[in-house]
Each structure stands twice: as structure tokens, then as C-alpha cells.
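Chains as they are written, first to last, in the numbering used here: chain A, 2 to 102; chain B, 2 to 102. Backbone N, C-alpha and C fix where the C-beta goes; we use that ideal spot for every residue, glycine too. All values reported here derive from a predicted model rather than from experimental measurement. Written below as C-alpha cells is the structure these notes are about.
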């Protein structure tokens, strides 16, 4: 599983609305996408206007080709883009290993 | 659960050794720490010399106080610090919501 990590700074004062729109966008646009595995929204402890999106994809191409080159991506950005305070930083990460307590 | 995300750039050509040392450091130093929940090491797809450490802690203070102010942190940095190509970027993130397929 490939993990997409997207760091997003949003406009101050829009937290509640942003979180609600992300929930809607995940359900309607992201969750039905081919290769979608998991989604987690987290809020910055040190940086109150920052969020991180952790998105699991079966393969890299499920995101970079299947999702990004589809109408789903246009709709996704239509929904959440208006909250961006700057360009998101998006990178992909392959698993080396994991450990639980 | 609080998620620590640490972005680390390492010295080129040290990937295999770095990954082995991280595995040792997790088992001997991190896993026994109070409040440790989970650890995941991932390797950059776009940036070959970058890694991300995703570390789950029961509370923020389990990391920032309990771990960082202990001898464990000294040992942790002794083990993995020599591979760093620069200062890691470390931030903490609180969960808003998550979704699985």
C-alpha cells in the first residue's frame, strides 16, 4: 500500500467548515475511487491552521493516474481547494516496516 | 492517539544501513517507551533520500516530555542521528476522523 501524505495550510477561521467539506468530499469523491484504501484527516498541534491528509492507495498509479487524471480530482479540488492558504505539499511513501506495541 | 510525523533526509548511499539501525532503535529504545503505540517507517517515492517516521503516542506528553526528556531520546539520536543529512522536520497531529474502504 502506498501512502499519500498531503500537508495543507488552510485559511484561518475556516476549520469547522473545512473539516465538514473534507468529510463530504471523502464520502462522495474519494472513497468510491478505484484503489482507494484508507483516509485519515489530522489537525496540527503546533500549527493550528495546518492539516495532514493520510491517504492509502493500493498502487501509486491509482492516485497519480486513476484519480488525478479523472473528473474525481476536479471535483475534489472544487470542494476543498477554496480553503487552501497555499499550495499543498503532496508526496508518496512506500512502506519499509511497521511495528505495534 | 497523537501521531508524530518526522520527515528525515538521510545521507545518500546509506539506505540499507539506516533502515537496519532504525529497526534496532525501534525495538530497543522506542517500543519499550511509556505511551508508545505504533511505528511505521516509509521511504520517499519522489525523494529517494527521504524517509518518514509515523509514530503513534497515547498522549502528546508521552513524546514531548516522557520520551524526549529521557535517556531514551539520547540513545535514539545516537543511533539514527549520524544518518541525517539535515535537521528532521517533526510535528504532531491530532485525529479529526478516519475512513476505510
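Asked, Found
"Heavy atom of the ligand COA within 7 Å of residue 19/A beta-carbon", "In the structure shown, the ligand COA is absent, as is every other ligand, since no ligand is present at all."
"Local conformation of residue 31/A per DSSP, three classes", "helix"
"Contacts that residue 76/A makes with chain B (C-beta to C-beta distance below 8 Å)", "Correct list: empty, because the minimum Cβ distance to chain B is about 17 Å."
"CB-CB length for residue 6/A against residue 53/B, believed under 8 Å", "7 Å"
"Chain A contact residues for residue 102/B, given Cβ-Cβ distances below 8 Å", "32, 37, 38 and 39"
"Residues, ordered as in the chain, of the stretch 64–95 of chain B that lie near chain A by beta-carbon distance below 7 Å", "92, 93, 94 and 95"
"Under 9 Å (Cβ pairs) to chain B, residues found in the stretch 13–25 of chain A", "20, 23 and 24"
"Contiguous beta strand (DSSP E) assignments of at least 3 residues, all confined to the stretch 15–85 of chain A", "37–45 and 51–58"
"Buried/exposed call for residue 19/B, threshold 16 Cβ in 10 Å", "buried"
"C-beta atoms of residue 57/A and residue 71/A nearer than 8 Å", "no"
"Cβ-Cβ distance between residue 77/B and residue 4/B below 8 Å", "no"
"Buried or exposed (CB count within 10 angstroms, at least 16 for buried), residue 98/B", "exposed"
"Proximal residues of chain A, C-beta to C-beta of residue 6/B below 8 Å", "6 and 53"
"Helix, strand or coil at residue 88/B [DSSP, three-state]", "coil"
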